[in-house]
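Everything below concerns the one structure shown next.
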Amino acid sequence: LKDGVSEQIAQWLEAMGALLTEHEFGYRERTAYTMKRMLFLSEKGDLSEVQTLAEDARPSLPDEEHARIFDYNHAIALWRLKRYKQAETLCLSVVNRYYALFGITPQDVMGKNSDVLWAIINQPENVHEHIKHLADALELLARINDAQGKVSPFLRIHAMKFYNMTAAPESLVRVGQDLADEFVAIKDYVGAREVMEQYVLPVVNEAGLVQRLVQVRSQYAVILALAGEHEQAEAEMCRLAPFFEGLTGEQRLEVENQSNYIAQLAYKAAKSEVTRLFGAVGRNEPCPCGSGVKYKKCHGA
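Numbering-wise (my numbering), the sequence shown opens with residue -17 and increments by one.
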């Protein structure tokens, strides 16, 4: 948190705490305050106070529904504090309790689309809210695993299915992009491409998520380049040119870096192909590509 923002939040929480002391608010308001304070303190690195707040508040929660939400927020705080094992244990508990609420297991989700899942789950009151919470918990668990160097693509795949059930396109696209990155990290470029083409890009187009368009399509272009589809990657970046004027400085820099990376990948591929076809070439010899330039200034640069 930036200093100014941190100070503002601290003042807001202090005022909120004073109101709770002065007036007879119920458990809902007190629990909301505790969770917000836990999350704030986790950003400040205060593990001891986070744990004290959690231990004091947890016994007074009225039911399992509130307990799941509280534990989810506690898991976020532990994740931010880099207490990954504790965060994983708590978040996994939240996920399993939501699965129990719906009367299914993770195995039941495998290979099923959202419409099929909707037909087989229990549907308690506020079912869409509970489904959204399960998707959030799955996404958090995936991020906790990321921090520990664990590969867990099914967590994000399942989260996307549940986000789809609650018509949450922004969340679905965000998780889909992270899933594609997860595949890229293990060099499964085909898997990454399938995620983008089958799930992320269609949702961006159908939901009209214009604010996500450049980010998503430039990520897709990088994946194409990594998969060896260099001409397609370059064409994809060219199609984004009309949108560059509307980008912020940070967004423009990100796209420029991606464009440079795509060019580097194409260059390395071309250089490897020249070596494969013509063998070793002297640096002062003409480049075999036919440019008429010395190899050291062309594909040997």
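Note that the Cβ used here is the ideal one computed from N, Cα and C, for glycine as well. Just so it is clear, the structure is predicted and the values come from calculations on it, not from any experiment.
**Asked** What is the DSSP secondary structure of Pro268, counted as helix, strand or coil?
**Response** Residue mapping note: residue 268 aligns to position 286 of the sequence shown, counting from 1. DSSP places Pro268 in strand when its eight states are reduced to three.
**Request:** Tell me where the alpha helix (DSSP H) around His56 begins and ends.
**Result:** For the purposes of this step, residue 56 is taken as residue 74 along the sequence shown, with counting starting at 1. Its alpha helix (DSSP H) spans residues 46 to 62.
**Message:** Here's a check: name, in chain order, each residue in its chain whose Cβ is nearer than 6 Å to the Cβ of Ala141, leaving out the five neighbours to either side.
**Reply:** Position 159 of the sequence shown, counting from 1, holds the residue named residue 141. Spatial neighbours of Ala141 in its own chain (CB-CB distance under 6 Å, excluding positions within 5 residues in sequence) are listed in chain order as Ala117, Leu120, Glu121, Val157.
**Item:** Cα-Cα separation, Glu216 to Asn239
**Value:** On the sequence shown, position 234 is the one that residue 216 refers to. On the sequence shown, position 257 is the one that residue 239 refers to. Those two C-alpha atoms are separated by around 13 Å.
**Prompt:** Do Ile51 and His115 come within 8 Å of each other at the CB atom, strictly closer than that value?
**Reply:** Residue numbering aside, residue 115 sits at position 133 when the sequence shown is read from its first letter. Residue numbering aside, residue 51 sits at position 69 when the sequence shown is read from its first letter. The Cβ-Cβ distance between His115 and Ile51 falls below 8 Å.
**Message:** Quick check: the Cα distance between Glu31 and Glu218, rounded to an integer number of angstroms?
**Reply:** Translated into the one-based positions of the sequence shown, residue 31 becomes position 49. Translated into the one-based positions of the sequence shown, residue 218 becomes position 236. The straight-line gap from Cα to Cα measures roughly 49 Å.
**Lys143 vs Leu195 beta-carbon contact at 8 Å** = For the purposes of this step, residue 143 is taken as the residue at position 161 of the sequence shown. For the purposes of this step, residue 195 is taken as the residue at position 213 of the sequence shown. Against a cut-off of 8 Å, the Cβ pair of Leu195 and Lys143 comes out as no contact.
**Prompt:** If we ignore side chains and look at the alpha-carbon of each, how far apart do Asp53 and Gly85 end up?
**Reply:** Sequence index remark: in the sequence shown, residue 53 carries index 71 (1-based). Sequence index remark: in the sequence shown, residue 85 carries index 103 (1-based). Taking the straight line from one Cα to the other gives about 20 Å.
**Request:** Put Asp38 into one of helix, strand or coil per three-state DSSP.
**Result:** Position 56 of the sequence shown, counted from the first residue, corresponds to residue 38. Here DSSP, grouped into helix, strand and coil, assigns Asp38 to helix.
**Request:** Please work out which residues of its chain come closer than 6 Å, Cβ to Cβ, to Asn104, disregarding the five sequence neighbours upstream and downstream, and give them in chain order.
**Result:** The sequence position of residue 104 within the sequence shown is 122, counting from 1. Excluding sequence neighbours, Asn104 sits near Phe84, Gly85.
**Item:** Integer Cβ distance of Leu21 from Asn55, believed to fall under 8 Å
**Value:** For the purposes of this step, residue 21 is taken as the residue at position 39 of the sequence shown. For the purposes of this step, residue 55 is taken as the residue at position 73 of the sequence shown. Contact holds; Cβ gap of about 6 Å.
**Message:** Just to confirm, is the Cβ distance from Leu161 to Leu123 under 8 Å?
**Reply:** As a first step, residue 161 is located in the sequence shown; it is residue number 179 there, counting from the start. As a first step, residue 123 is located in the sequence shown; it is residue number 141 there, counting from the start. Not in contact: Leu161 and Leu123 (Cβ atoms no closer than 8 Å).
**Prompt:** Starting from Ser96 and walking both ways along the alpha helix (DSSP H), at which residues does that stretch end?
**Reply:** The residue you call residue 96 lines up with position 114 of the sequence shown. Here the alpha helix (DSSP H) through Ser96 covers 96 to 102.
**Asked** Quick one: does Leu191 have its CB under 8 Å from some CB of chain B?
**Response** In the structure shown, chain B cannot be found, because there is only a single protein chain.
**Buried versus exposed, by CB contacts within 10 Å (16 or more), Thr87** = Within the sequence shown, the letter at position 105 stands for residue 87. Result: exposed.
**Asked** Taking Cβ positions, are Leu(-5) and Arg19 nearer each other than 8 Å?
**Response** Within the sequence shown, the letter at position 13 stands for residue -5. Within the sequence shown, the letter at position 37 stands for residue 19. Contact flag set, yes.
**Prompt:** Should Ala(-3) go down as buried or exposed, given a rule of 16 or more other Cβ atoms within 10 Å for buried?
**Reply:** In the sequence shown, the residue the question calls residue -3 occupies position 15. Result: exposed.
**Asked** With burial defined as no fewer than 16 other Cβ atoms inside 10 Å of the residue's Cβ, what is the status of Lys(-16): buried or exposed?
**Response** Sequence index remark: in the sequence shown, residue -16 carries index 2 (1-based). Low confidence applies here, because Lys(-16) scores a pLDDT of 47, under 50, leaving its location unreliable; read the following figure in that light. By the Cβ neighbour-count rule, Lys(-16) is exposed, with fewer than 16 other Cβ atoms within 10 Å of its own.
**Item:** Beta-carbon proximity check, Asn146 vs Leu137, cutoff 8 Å
**Value:** Against the sequence shown, residue 146 aligns to sequence position 164. Against the sequence shown, residue 137 aligns to sequence position 155. Not a contact, by the Cβ cut-off of 8 Å.
**Request:** Report back the beta-carbon spacing between Val133 and Glu164 to the nearest angstrom; my notes put them in contact at under 8 Å.
**Result:** By 1-based counting over the sequence shown, the position of residue 133 is 151. By 1-based counting over the sequence shown, the position of residue 164 is 182. Sure, about 7 Å apart at Cβ, within 8 Å.
**Request:** Reducing DSSP to helix, strand and coil, say where Thr3 ends up.
**Result:** For the purposes of this step, residue 3 is taken as the residue at position 21 of the sequence shown. Thr3: helix per DSSP, three-state reduction.
**Close beta carbons around Ala174, own chain, < 6 Å, minus the five adjacent residues each side** = The residue given as residue 174 occupies position 192 in the sequence shown. If we look at Ala174 and ignore the five residues flanking it on each side, its Cβ neighbours are Ala162, Phe165, Val166, Ile205.
**Request:** Can you grab the Cα-Cα spacing for the pair His48 / His112, in whole Å?
**Result:** Reading the sequence shown from its first residue, position 66 is the one you call residue 48. Reading the sequence shown from its first residue, position 130 is the one you call residue 112. Taking the straight line from one Cα to the other gives about 11 Å.
**Message:** Can you tell me where the alpha helix (DSSP H) holding Val192 begins and where it ends?
**Reply:** Numbered from 1 along the sequence shown, position 210 holds the residue referred to as residue 192. Where Val192 is concerned, the enclosing alpha helix (DSSP H) stretches over 192 to 208.
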